[in-house]
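Working notes, structure below.
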Amino acid sequence: MPSILPNGQRCIQQTTVTAVPAASNQGFYALFAIQDVTNLTNRIQSYQAELRERKRAEAELQRSNAELEQFAYVASHDLREPLRMVTSFTQLLAQRYSNQLDDEANTIINFAVDGAARMQALIDDLLTFSRVGTQGNPFEVVDCKESLNLALSNLQILLQETQADITKAPLPIVMADPAQLVQLFQNLISNALKYRSERPLTVEIGSESQENHWLIWVRDNGIGIKPKYAERIFLIFQRLHTRQQYSGTGIGLAICKKIIERHGGRIWVESAPDQGAIFYFTLPKNNLRSDGGFLLTSLVKEDI
1 MPSILPNGQR CIQQTTVTAV PAASNQGFYA LFAIQDVTNL TNRIQSYQAE
51 LRERKRAEAE LQRSNAELEQ FAYVASHDLR EPLRMVTSFT QLLAQRYSNQ
101 LDDEANTIIN FAVDGAARMQ ALIDDLLTFS RVGTQGNPFE VVDCKESLNL
151 ALSNLQILLQ ETQADITKAP LPIVMADPAQ LVQLFQNLIS NALKYRSERP
201 LTVEIGSESQ ENHWLIWVRD NGIGIKPKYA ERIFLIFQRL HTRQQYSGTG
251 IGLAICKKII ERHGGRIWVE SAPDQGAIFY FTLPKNNLRS DGGFLLTSLV
301 KEDI
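Residue numbering for the sequence shown is 1 to 304, as defined by UniProt numbering.
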């Protein structure tokens, strides 16, 4: 019977019995080994309880996140149509009666049109944000070079207006959501174009092979940010500047973070005021496609 410890808990013992042949080769001796495993058992039980609680908390967090994503999707989706109606009728009012109204009335109408347009942009970005995890495409073999070129094509007019000098280094082939990878490059590059300084704008995109992942970066020589804001800028609706200084909804980098997290990587920024910014993100190296086929992880496009 297990003994009782001073705290009233029963002592847990492990007993091992080994048969040892007698020297005369007649019969066996029984060798008993008794070991106190109370502390070890308690630690195992405590770890198992902690693991169960952590799994429960993770499941609850995933459920909560899924509900929030669904709410954001439904709310933003359902708001688009009535907002489009408000915008259309406000613009129609401005077109038909602008000559019949005084300056104050025209100013009020302009404010209404501008506010509706900003709300429409906010709803569109919120809808995009909510769709990253729930309505993404299946992962497939994606050439980052082609994704980057498509993103640059989407930004062609802005690139011409800013006269940005784009430098592209070799980029890898990865397993990813093609549309989200284009959006990732597009958001990061448009961010560099927006927060440019008075210097001629340069943007460099490069990559480096590391042990278990690819490290990819977008470097610019823009206005930069203070290091204390390095994490805040990836939160939804977080802005460091007023709308009068820079347009936007404050969701672009939050979308980038969500895309990278869906792909199993991470994203961060290194920057200082007036020193430009370098946005780094990682994408895991995968040896197998989703269909079980083998994929070389060392492929990098050299022909830029």
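Beta carbons: idealized from backbone N, C-alpha and C, even for Gly.
C-beta neighbour in chain D for residue i, strict 9 Å
i	result
Thr-282	The structure shown contains no chain D; it holds only a single protein chain.
Residue from the options whose Cα sits closest to the Cα of residue i
i	options	result
Leu-92	Ala-112, Leu-79, Arg-80	Ala-112
Ala-164	Val-141, Tyr-195, Gln-180	Tyr-195
Asp-274	Asn-221, Asn-39, Asn-99	Asn-221
residue 305	Glu-104, Leu-101, Ile-109	Only positions 1 to 304 of the chain appear in this structure, which leaves residue 305 out of reach.
Ile-255	Asp-125, Arg-52, Leu-31	Asp-125
Ala-30	Asn-106, Ile-278, Thr-15	Thr-15
Glu-231	Glu-53, Asn-42, Tyr-280	Tyr-280
Gln-183	Ser-24, Ile-259, Asn-106	Ile-259
Lys-257	Val-132, Pro-178, Phe-139, Leu-61	Val-132
Leu-193	Ala-105, Ala-179, Ala-151, Met-175	Ala-151
Lys-226	Leu-122, Cys-144, Glu-58, Val-269	Val-269
Phe-32	Ser-46, Thr-41, Val-17	Val-17
Met-175	Asp-36, Ala-121, Thr-107, Phe-139	Phe-139
Leu-83	Gly-276, Ile-123, Arg-63	Ile-123
Pro-284	Val-142, Asp-36, Asn-25	Val-142
Gly-252	Leu-201, Asn-191, Leu-158, Ser-197	Asn-191
Ala-179	Asn-99, Leu-201, Asn-137	Asn-137
Exposed unless 16 or more other CB atoms sit within 10 angstroms - verdict on residue i
i	result
Gly-264	exposed
Leu-235	exposed
Gly-293	Caution applies to Gly-293, whose pLDDT of 41 falls short of 50 and renders its modelled position unreliable; the value that the coordinates give is listed next. With fewer than 16 Cβ atoms within 10 Å of its Cβ, Gly-293 is classed as exposed.
Ser-271	buried
Arg-219	buried
Met-85	exposed
Phe-129	buried
Gln-160	exposed
Asn-39	exposed
Gly-115	exposed
Leu-181	buried
Val-20	exposed
Gly-27	exposed
Ile-34	exposed
Gln-45	exposed
Ser-147	buried
Asp-177	buried
Lys-228	exposed
Ala-23	exposed
Lys-145	buried
Gln-186	buried
Ile-157	exposed
Ala-277	buried
Gln-244	Note that Gln-244 scores a pLDDT of 49, beneath 50, so its modelled location is shaky and nothing firm can be said.
Leu-188	buried
Leu-51	exposed
Leu-155	buried
Leu-61	exposed
Residue i beta carbon near the ligand GDP (any heavy atom closer than 8 Å)
i	result
Glu-231	The ligand GDP is not among the ligands present in this structure, which contains no ligands whatsoever.
Residues that DSSP places opposite residue i in a beta bridge
i	result
Gln-14	Gln-35
Arg-219	Glu-204, Ile-278
Ser-271	Ala-277
Tyr-29	Val-20
Ser-209	Trp-214
Leu-283	Trp-214
Exercise for review: Just list the beta strand (DSSP E) runs in the segment 116 to 192, keeping only unbroken ones of 3 residues or longer that don't cross its boundaries, in chain order.
Suggested key: Taking only runs of at least 3 residues, the beta strand (DSSP E) segments lying wholly in the segment 116 to 192 are 140 to 143, 165 to 168, 171 to 176.
Practice item. Determine, using beta-carbon pairs with one atom in the segment 264 to 277 and one in the segment 210 to 222, whether at least three such pairs fall under 8 Å. Key: Judged by Cβ distances under 8 Å, the segment 264 to 277 makes contact with the segment 210 to 222, as three or more pairs qualify.
Review point. Taking one C-beta from the segment 197 to 207 and one from the segment 158 to 173 each time, how about it: are there three or more such pairs within less than 8 Å?
Key: Yes, they touch.
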